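Notes to accompany the following structure.
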Amino acid sequence: MKRLTLNAAAVAVLVVTIFPVYWMFLTAFKPTRDIQSETPTFWPSHPTLDHFATAISAPNFWIYWRNSLLVTAAAVLFALVVALLAAFAVARMRWRGRGPFVVAVFAAQMAPWEALLVPVFIIARDTDLLDSLAMLTGVYFMITLPFTIVTLRGFLAAIPPELEEAALVDGCGRLAAFRRVAFPLLAPGLMATSMFGFITAWNEFAFVNVLIIKDQSLRTLPVWLSSFRDVFGTDWGATMAAASLFALPALLLFLFLQRHVGTGMTAGAVKG
Amino acid sequence: MRAGHRAFWPYLLIAPAVAGGAFLLLYPLLKAAVISFQHFRMGELIRGGAAFAGLDNYVELLSGAQFWQVLLRTLVWTATNVVLIVVLSTGVALMLVRLRRGLRLTLMSALALAWATPIIAATTVFQWLFQSELGVVNWLLVTLGFDSFQGYTWFADGTATFAVLVVLVVWQSVPFAALTLYAGLTTIPIELYESARIDGGTGRQVFWKVTVPMLRQLFALVAVLEVIWVAKCFPQIWVLSQGGPDDATTTLPIYAFKIARVLHRYDLGSAVAMLTVVILAVALVNNLRRMVRS
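The listed protein sequences derive, respectively, from chains A and B.
Using our numbering, you'd call the opening residue of the first sequence number 43 and step up by one each time.
Using our numbering, you'd call the opening residue of the second sequence number -12 and step up by one each time.
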């Protein structure tokens, strides 16, 4: 009896958790007359790709898609490289100022980004970087950088330096030792942090609203989706198709990496 | 750790990170603080040459009624969301521990899926769920016998819009909190529960006397993160209601954004943003200090 109540409650939580995502995909695949019927259908009895065709053929769709991908990938990649260098210095070397640097990185992790919208806008204006994807990439890079350094440092610290030293003794150069020994062990950490960076940049909405003003062809998917009424009116099928296409990369990446990241995140965090 | 490196190497390695932080974080932060003490509006944005205005912006804010209204609303918004998130995610975490493997993994995958759904995608979906005519929520409520929800327009009423936003933010936040608390629960040694049971503890006693003390730090961490996240929450509110109707969902970040972008009062907007940061820091510093100490 107790088990039954527990399972029933679990199924209820499961339904509430998954329903909005399910409803998004379902609406996207439903023909318009099913969407507009008085009693909703909860199963795709006549699936159609019409709404996806509408969403894809909306003006500039592929440009926004490309912008989002470009900005996200560049920000994540820059953050990984810069963070790996800094994490290596922190985890493997002794130097004056190391303590303050670590404290600064932790503090930067809690940076009040929402408070920086106005100054970043003004700085971009003063340096002619309004309506530029480079400025946007820079901001996303900086938002993800502190977390990336902290996590990679945790992973690096968990790899015994003796492993690399053994490689050094065997005649490897310092760089080769790092690349051949530590780098493969860092893979889960790199995946965990790049996923965090991806989600952050892919989602970002406030800064792109402030930094991309005149040139509409430089907008990203979140901004485009937020103005779906201008694009699709009350065509909810097309709106949900657009939302699905925007959500899909994040969901796929997440499901794909979940296994590695679940353990990776905690390993990096705890041993830091 | 070897001391034999040439002295400049570490500094070379951190140089890109330091440069990024200086130009893209420290400089804007200082600029925000400076602007909040200046007279900086549309004219100054175009011409430059903003003059210092001392505490004028802060006086203007703190002496007006609107700021206090928005502050109170932000407190209600944050408290409502965080309490719901912590209570619900604790329930879900306790549930996960007790479930059989198959159902547990299914539920965890569902939570991960909800967590990974991009914010704006989820916000758009919730607008569709709560549509007045074809929205599935109204259909469900009418089917359950609440006939007054026939064609109910959620986004015309302040309280209803506020409620929809709470549901949205709670739905987005519970997965992270629940999975984190679940991970914490699995680290409590099973012997502790067994001995508590042998001593005759009821389920409720075991929860308050064993689980909560063991996970005190984790609870504090989750609560702190959620307070920060909810209080600063911007895209959901902006996309769904732009702070309306009648300012019913205007919290501090929305207020700062409106003042700066719509009214071109960059000085006043910066002052609101600085006050938000100070309020959050003061509210959380005690909690953080306790976490660091324990």
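Backbone N, C-alpha and C define an ideal beta-carbon position, used for all residues, glycine too.
What you are looking at is a predicted structure, and each value in this text was computed from that prediction instead of being measured.
- Residue-level contact by beta carbon fails for B:P176 and chain A, as no gap is shorter than 7 Å.
- At a Cβ-Cβ threshold of 7 Å, A:F296 and A:T281 do not count as neighbours.
- Neighbours of B:L94 in chain A, taken as residues at a C-beta separation under 7 Å, are given in chain order as A52, V55 and L56.
- Within the segment 204 to 227 of chain B, the residues whose Cβ lies closer than 8 Å to any Cβ of chain A are, in chain order, I215, K219, F221, P222, W225 and V226.
- Rounded to whole angstroms, A:D170 and A:A117 show a C-alpha spacing of 20 Å.
- Following the DSSP letters along the chain, one finds B:W225 inside the alpha helix (DSSP H) bounded by residues P222 to S228.
- Exclusion of the five residues before and after A:E206 leaves A219, F220, V223 and A224 as the residues of its chain whose Cβ lies within less than 7 Å of its Cβ.
- Per the coordinates, the alpha-carbon of A:T179 lies some 7 Å from the alpha-carbon of A:T114.
- Only those residues of the segment 253 to 268 of chain B whose C-beta falls short of 7 Å from the nearest C-beta of chain A are listed: Y253, G256, S257, A260, M261, T263 and V264.
- At a cut-off of 7 Å between beta carbons, B:V57 makes no contact with chain A.
- For B:V123, the C-beta contacts it makes with chain A under 8 Å involve W65 and P82, in order along the chain.
- In the DSSP assignment, the residues bridged to B:H26 are B:A38.
- Here the segment 255 to 275 of chain B makes no contact with the segment 177 to 188 of chain B; the two share fewer than three CB pairs at distances below 8 Å.
- Taken through DSSP and simplified to helix, strand or coil, A:H88 comes out as coil.
- Within the segment 44 to 72 of chain A, the runs of alpha helix (DSSP H) that reach at least 4 residues and sit entirely inside it are, in chain order, 44 to 71.
- DSSP places A:N251 in the helix class (H, G or I) of the three-state scheme.
- Within chain B, the C-beta atoms nearer than 8 Å to that of A:T281 come from T111 and W115, in chain order.
- Residues of the segment 125 to 138 of chain A whose Cβ lies closer than 8 Å to any Cβ of chain B, in chain order: A125, L127, A128, F130, A131, V132, R134, M135, R136 and W137.
- Within chain A, the residues whose beta carbon sits less than 7 Å from that of B:P3 are V124 and L127, listed in sequence order.
- Taking the C-beta atoms as reference points, A:P101 is found no nearer than 7 Å to A:H88.
- By the rule that beta-carbons nearer than 7 Å mark a contact, B:V79 touches chain A.
- Counting every other CB atom within 10 Å of its CB across the protein chains shown gives B:P200 a total below 16, marking it as exposed.
- Its Cα nearest to that of B:V5, the residue A:V144 stands out among A:V144, A:F197 and A:M237.
- Proximity of B:K18 to chain A, defined by a Cβ-Cβ separation below 7 Å, is satisfied.
- Linking A:L217 to B:W(-4) through their CA atoms gives a straight-line distance of about 13 Å.
- The segment 156 to 173 of chain B makes no contact with the segment 125 to 145 of chain B, as fewer than three CB pairs between them are under 8 Å.
- In this model, A:A50 and B:M95 are separated by some 16 Å (Cα to Cα).
- Scanning the segment 93 to 173 of chain B for uninterrupted beta strand (DSSP E) segments of 3 residues or longer gives nothing; none is fully contained.
- Of all alpha-carbon atoms in A:T235, A:I255 and A:V55, the one lying nearest the alpha-carbon of B:V79 is that of A:V55.
- For a Cβ distance threshold of 9 Å, nothing in chain A lies close to B:F54: the least Cβ distance comes to about 16 Å.
- When DSSP states are grouped into helix, strand and coil, B:R252 belongs to the coil group.
- With fewer than three CB-CB distances shorter than 8 Å, the segment 122 to 136 of chain A does not count as touching the segment 207 to 214 of chain B.
- In the same chain as A:P188, and ignoring 5 residues on each side of it, the C-beta atoms closer than 7 Å to its own belong to V147, A150 and Q151, in chain order.
- A residue is called buried when at least 16 other Cβ atoms come within 10 angstroms of its Cβ; B:R87 does not meet this threshold and is exposed.
- Chain-ordered listing is empty here: chain A has no CB closer than 8 Å to the CB of B:T140, the nearest sitting near 14 Å.
- Each of A:P226, A:T96, A:L260 and A:T242 was checked against the Cα of A:T186, and the nearest Cα belongs to A:T242.
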